[in-house]
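S.K.: After the C-alpha cells below, expect a handful of questions from me.
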Amino acid sequence: MYIVKNAFKSITRNKLRNILIGVIVLIISVSACVSLSIQQAAEVAKEDTLSNLSVTAQISFDRKKAMEDMQQKSTSDDSDSGSDKSFDRGKFDFDVLQGSSLTLDDYMKYTKALKNGDSYYYSGAVSLNATGDLLPYGTSEEDESDSSSSSKSSDNKSSGNSSDKNSQTPPNMPSGDSSNSNNSGGGPMGGMPFQVNQGDFTITGYSSYDAMLSMFGEDGSYKISDGEMFDETSEAYECVISNELATYNNLKVGDTIKLANPQYEKETYKLKIVGIYTNSDSSSEEDNRFKMNDPANNIYMNYNAFSKIIAASEKADNKTTDSDGNKTSAALSENLAFTYKFASVENYEKFADKVYDLGLSDDYKVSSSDLQSYENSLTPLETLSGTAMWFFFIVLAVGGIILITLNIFNLRERKYEVGVLTAIGMKKAKVAMQFVTEIFIVTFIALIIGTSVGAAVSVPVTNTLLQNQISSSQQSDSKVSKNFGFENSDNNGRPQGGPGMSGGEMNPFGKSTKAADYVDSVSSATNFMVILELVLVGLFLTIVASLAALISIMRYEPLKILSNRS
Amino acid sequence: MSTLKLDNISYHYEKNSAEVLDNLSMDFESGKIYTIVGKSGAGKTTLLSVLSSLARPTDGKIFLNEEDVAKIDRYKFRSKYVGVIFQNFNLLTHLTALENVVLSMDISGKKFDRPKKEIAAELLEKVGLSPDEAKRRVLKLSGGQQQRVAIARALSYDPDIILADEPTGNLDGETQDEIINIFRMLADEGKCVIIVTHSPDVAKASDVQYELKKGKRV
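In the order they appear, the protein sequences are chains A and B.
Residue 475 in the numbering used here sits at position 475 of the first sequence; the count goes up by one each step and never skips.
Add 1000 to a position in the second sequence, counting from 1, and you land on the number used in the numbering used here.
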C-alpha cells in the first residue's frame, strides 16, 4: 500500500516531469481516440448501412466478355490468312453480342438458388401506339402526323423512365456497371437488330407489389390521385395512367383507351383506366425526345394482364413486310426485367455462384447495383478509416519512443533513489512497482482527459475529415468527367444526355456515373469499444514506458550506485 | 550470547583481484558497542557492506543467531534485522526527515502498536531534532542534522544490530559526544552496535575494538 502512497507523493514532487509525460500521453490519447473513433464509426456505418440494405440483383448478358471472345475469335481466324489484327467490322455479329434473351422461365429456374427470406419480382415492358383520338402526352399539332414513325431511331432504353432504376432496364441492354462497350452511343447502334419498335407509350406490367414498390414507392414521387391501383392478381386489362396523359386526353377513371401494336396498327388492345397517378418529378430530367420516354406516357398494369397482351399478340401472328418483301413477325416482344431480392449480402453471393450450377451460361453475369452503390457509398469513410489507422500506429510508435526516452532520462536522475531504497531493504520488484505505478497513474489521468477531449471532438473531426475526403473524391470524379468531355455535367458529375449518350446511364468507363450516395456523416464515434481499445493503449504505453525502468532497476546494485556516488 | 558471527569470511570485488577482506572471523554480541578501526583502505567499509548484506562474502559464512545469513533474504535482512547508518547518510533528500524515517518503517513491513509518524517523530526528537526540523526536507538540514536523521531511520524499525559507518565524521566534539551517548543508550537497551570509525574518542568509548589492516584482523 505504501508503494501507491509513495508513487502519488513522488508524482506531486516531480510535477514538471510528470506534466511533460502527461502532455505527451494526452496528445497520444486524443489522437488515438479520434483515429479509433473514425475506424469504429466506419465499422458502425458499414454495419448500419448493410443492415438497412436491400440487396437486389439482375442477371445480365456480359457484353464485354462477348466482345472479347468475338475479338479473340476474329484474330485467331485472321492469323491463318496473315491479315492484320484489326477488328473486321464484317464479322461483328450482333446476334452474339445481343445474347439470347433470358425468358421468364429461365429467370424462374434460377429462383431455386434463392434462400429463405429472399424474393424476386419482375416487370415486362412493351411499347404501344396510340389509336383514334388518343394522343400521347407531348404531341403538338404539327408532329401529330408522324407520331408513330420514330421506330428506326435507336435508344438504349426502351422502358422510358428507367434512367435511375436499373431494374427497369431490359435484360438485353445491360445497365449500370455491365459493360465497357464502345457501342453505347446512338450512332453505331443504328443497325442493331435488337432494337425496340418505337411506340407512343410504354406499357409496363408488374409481377408483384415489390416490383411496383421499386418503381413507385422508393422516392415517394408517385401517387395515385384518382381511382385506385390495379388489382395485383387480376388478369383484366386494367391500367393506371399519368395525370398529364389523362388531362391531355380528357380521360377519367373508368374510361377505356385503345392501343395498337406499332408494327401492326390493326392489332389493338383495350385497357380500362382504374387509376390516375401523379408523379411529382415527372418530365424533369428525362430524355423526352421520344414520347415513350416521357414518364407521362407510361402506362402501368399488372404482369398477368400484360402477359396476356403479349400472348395474344403472338397468337395473332401478324406479319409485316419490309421494302425487300421479306415478311417478319410483328408480334409484340416484351422487355423483361427480372430482379432477385436478397435478405442478405451472403445470400446474394451464394446465389451468384449457384445460378451457374443451375445452368446459367458463362456469358451472363449476376450483378447488384445496390451492393455496388453500397460499396461506393462507403469509399470515403473507408479511405479515411485506413488513413486513421496508419495515423494511429504512427502516433503510438512516435509517442512510445518519446516516452521510453523520457523514462530513461527520468531513471538516470532517480538512480540514487533506487540505490537508497534498495539499500534500506526495499525489494527491487517493489521499487520497480512503485515506478510503474507512477507511470500508470500519470498515463491514466492523461488518458482519461485525452479520451474525454477525443470523444468530444471525434464526431466533428470525423465529419470534417469525411467532407474533405468526399469533396476530394468528387473533385477527382468531376476532373475525370471533364477530361472525357462531360463538361456540362451537373453537380453530381452526371453527364446530361448528349447526342451520343443515352441519358446518362452509362459512361465509357462502364461504371454508373450517378454520383455515389456517400455516407457523409457519422452521429457517434466514441463508443465502449473505443474506450476499451484506449485502455489497452494506456496499458501498452505504460508497459512500453516502464520497460526501460524495469530493466534498469533490475540491473542496478545498490552498493554500486551508492559507492559510485560517494 | 553471540548475535552476529563472522566465520572466516573473505571478499574481493573482482575475480583474481586482491582480497579486500581476508579470512576474517569476528563475534558481535548484543548489549555491546564494537568499533572497527584501521587506516583508509583497510576494508572497514567493505566489512560493513558485508555485515549489512549489501555485499555477499566471496568466502566464509556469517551467522545471525546461529542462522546462516546467506539463507536469509538480503532485503529482509537489511530492512528488519540491521539498521545501517551510512557514511554519507543515503537519505532521500527530497523527502522530509520524518518521511525518510516513516519510509524505512514501511519497508520493514513490521507491525507497530502506534502510528508510524508518532514513533518517527519521537525518535527524531530522541536523536536531537526539533519537531520543526523533522518536517524539513533533508536537503535543507545540516550535516549533523542529517546524521541524526540517518540514526533515527536506522533505529525506526527496532533492529537488533546497528551498523554505523563513520557516524561522527561530520560532527563537532559536542555533537559527537551526544551521538556516542545515543549509541551507549542503545547498547544498554540490548542492541549490538557496530561502528566503523577513525575517531579515537569513539573507539575509546566502545566495549570491543577490532583493528583491520589490509583486510586482516590485527
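Yeah, the Cβ is synthetic: ideal placement off N, Cα and C, and Gly gets one too.
(1) Going along the chain, which residues of its own chain have a beta-carbon closer than 7 Å to the beta-carbon of residue 313/A, five neighbours each way excluded?
(2) Report the rounded CA-to-CA distance for residue 1135/B versus residue 5/A, giving the unit in angstroms.
(3) Report all residues from its chain with a CB closer than 7 Å to the CB of residue 1171/B; omit the five preceding and five following residues, and keep chain order.
(4) Who are the neighbours of residue 1090/B on chain A, taking C-beta pairs under 8 Å?
(5) State the beta-bridge partners of residue 123/A as determined by DSSP.
(6) Go ahead and label residue 159/A buried or exposed: buried means 16 or more other beta carbons lie within 10 angstroms of its beta carbon, across all protein chains shown.
(7) Less than 8 Å separating the beta-carbons of residue 399/A and residue 3/A?
(8) Can you find a C-beta in chain B that's less than 8 Å from the C-beta of residue 559/A?
(9) Against chain B, does residue 13/A count as a neighbour if the rule is that its beta carbon must be under 8 Å from one of theirs?
(10) Quick check: what's the CA-CA separation for residue 1131/B versus residue 541/A?
(11) At the level of alpha carbons, what is the spacing between residue 1122/B and residue 1060/B?
(12) List the DSSP bridge partners of residue 1068/B.
(13) Unbroken alpha helix (DSSP H) runs of length 4 or more, entirely within the stretch 9-79 of chain A: which are they?
(14) Does the beta-carbon distance from residue 1215/B to residue 1006/B come in below 8 Å?
(15) Give me the subset of the stretch 1060-1078 of chain B whose CB atoms are less than 9 Å from a CB atom of chain A, sorted by chain position.
(16) What residues from chain A crowd round residue 1304/B, counting only those whose CB sits closer than 8 Å?
(17) Which residues does DSSP list as the beta-bridge partners of residue 1217/B?
(18) Using the Cβ count rule (16 or more neighbours within 10 Å means buried), how would you classify residue 32/A?
(19) I'd like to know whether the C-beta atoms of residue 304/A and residue 233/A end up nearer to each other than 8 Å.
(20) In chain A, what lies closer than 8 Å to residue 1104/B by C-beta?
(21) How far does the beta strand (DSSP E) with residue 1082/B in it extend, from its first residue to its last?
(22) Should the stretch 32-43 of chain A be called in touch with the stretch 335-354 of chain A, which here means at least 3 C-beta pairs below 8 Å?
(23) Please name the residue or residues paired with residue 260/A in a DSSP beta bridge.
(24) Grouping DSSP H, G and I as helix and E and B as strand, with all else coil, what is residue 1032/B?
(25) Please classify residue 187/A: is it buried, with 16 or more other beta-carbons within 10 angstroms of its beta-carbon, or exposed?
(26) Where do the N-terminal and C-terminal ends of the alpha helix (DSSP H) with residue 422/A fall, by residue?
(27) Report all residues from its chain with a CB closer than 7 Å to the CB of residue 1053/B; omit the five preceding and five following residues, and keep chain order.
(28) What does residue 2/A reach in chain B if we use C-beta pairs closer than 7 Å?
(29) Can you tell me where the beta strand (DSSP E) holding residue 364/A begins and where it ends?
(30) Assign residue 226/A to one of three DSSP states: helix, strand, or coil.
(31) Just the C-alpha distance for residue 1080/B and residue 1038/B, rounded to the nearest angstrom, thanks.
(32) Using the rule of at least 16 other Cβ atoms within 10 Å of the residue's Cβ for burial, across every protein chain shown, is residue 325/A buried or exposed?
(33) Write down every uninterrupted run of the beta strand (DSSP E) in the stretch 1076-1158 of chain B whose length is 3 residues or greater and which is fully enclosed by it, in chain order.
(34) Assuming residue 53/A and residue 317/A form a contact by the criterion Cβ under 8 Å, report the distance between their Cβ atoms to the nearest whole angstrom.
(35) Residue 1054/B versus chain A: which residues are under 7 Å apart at the beta carbon?
M.R.: According to the structure data:
(1) Scanning its chain for C-beta atoms nearer than 7 Å, with the 5 sequence neighbours on each side dropped, one finds around residue 313/A the residues 261, 267, 331, 332, in chain order.
(2) Rounded to whole angstroms, the gap between the alpha carbons of residue 1135/B and residue 5/A is 18 Å.
(3) The residues are 1144, 1147, 1179.
(4) Those are 419, 420, 423, 424, 562, listed as they occur along chain A.
(5) Paired residues: 206/A, 337/A.
(6) Unreliable placement is indicated for residue 159/A, whose pLDDT of 39 sits below 50; no coordinate value is reported for it.
(7) Result no, Cβ atoms of residue 399/A and residue 3/A do not sit closer than 8 Å.
(8) For residue 559/A, a Cβ of chain B is located within less than 8 Å of the residue's own Cβ.
(9) It does; some Cβ of chain B falls within 8 Å.
(10) Approximately 43 Å between the Cα atoms of the pair.
(11) Our two residues, residue 1122/B and residue 1060/B, have alpha carbons roughly 40 Å apart in a direct line.
(12) Note: residue 1068/B sits in a beta bridge opposite 1063/B.
(13) Counting only runs of 4 or more, we get 15-52.
(14) No.
(15) Cβ contacts with chain A: 1073, 1074, 1075, 1076, 1077, 1078.
(16) Coverage of chain B is limited to positions 1001 through 1218, which leaves residue 1304/B absent and any answer about it impossible.
(17) Under DSSP, residue 1217/B takes part in a beta bridge, and its partners are 1212/B.
(18) Buried is the label assigned to residue 32/A, since at least 16 other Cβ atoms lie within 10 Å of its Cβ.
(19) A Cβ-Cβ contact shorter than 8 Å links residue 304/A with residue 233/A.
(20) Under a criterion of Cβ atoms nearer than 8 Å, the residues of chain A adjacent to residue 1104/B are, in order, 424, 425.
(21) Residue 1082/B -> beta strand (DSSP E) spans 1082-1085.
(22) Note that the stretch 32-43 of chain A does not touch the stretch 335-354 of chain A; fewer than 3 beta-carbon pairs, one per stretch, sit closer than 8 Å.
(23) Looking at the DSSP assignment, residue 260/A forms a beta bridge with 129/A, 268/A.
(24) In this structure, residue 1032/B counts as coil in the three-state DSSP scheme.
(25) Low confidence applies to residue 187/A: its pLDDT is 35, below 50, so where it sits in the model is not reliable, and the reading given next is rough at best. Residue 187/A counts as exposed, since fewer than 16 other C-beta atoms from the protein chains shown sit within 10 angstroms of its C-beta.
(26) Element bounds for residue 422/A: 415-423.
(27) Here the set comprises 1069, 1074, 1077, 1078.
(28) 1106, listed in chain order.
(29) Annotation: the continuous beta strand (DSSP E) that includes residue 364/A extends over 364-367.
(30) Residue 226/A carries a strand assignment under DSSP once its states are collapsed to helix, strand and coil.
(31) The alpha-carbon atoms of residue 1080/B and residue 1038/B are separated by roughly 28 Å.
(32) Around the beta carbon of residue 325/A, a 10 Å sphere encloses fewer than 16 other beta carbons of the protein chains shown; the residue is thus reported as exposed.
(33) Listed in chain order, the complete beta strand (DSSP E) runs (minimum 3 residues) inside the stretch 1076-1158 of chain B are 1082-1085.
(34) Actually they do not touch by this definition, with Cβ atoms about 45 Å apart.
(35) In chain order, 423, 558, 559 make up the part of chain A whose C-beta sits under 7 Å from the C-beta of residue 1054/B.
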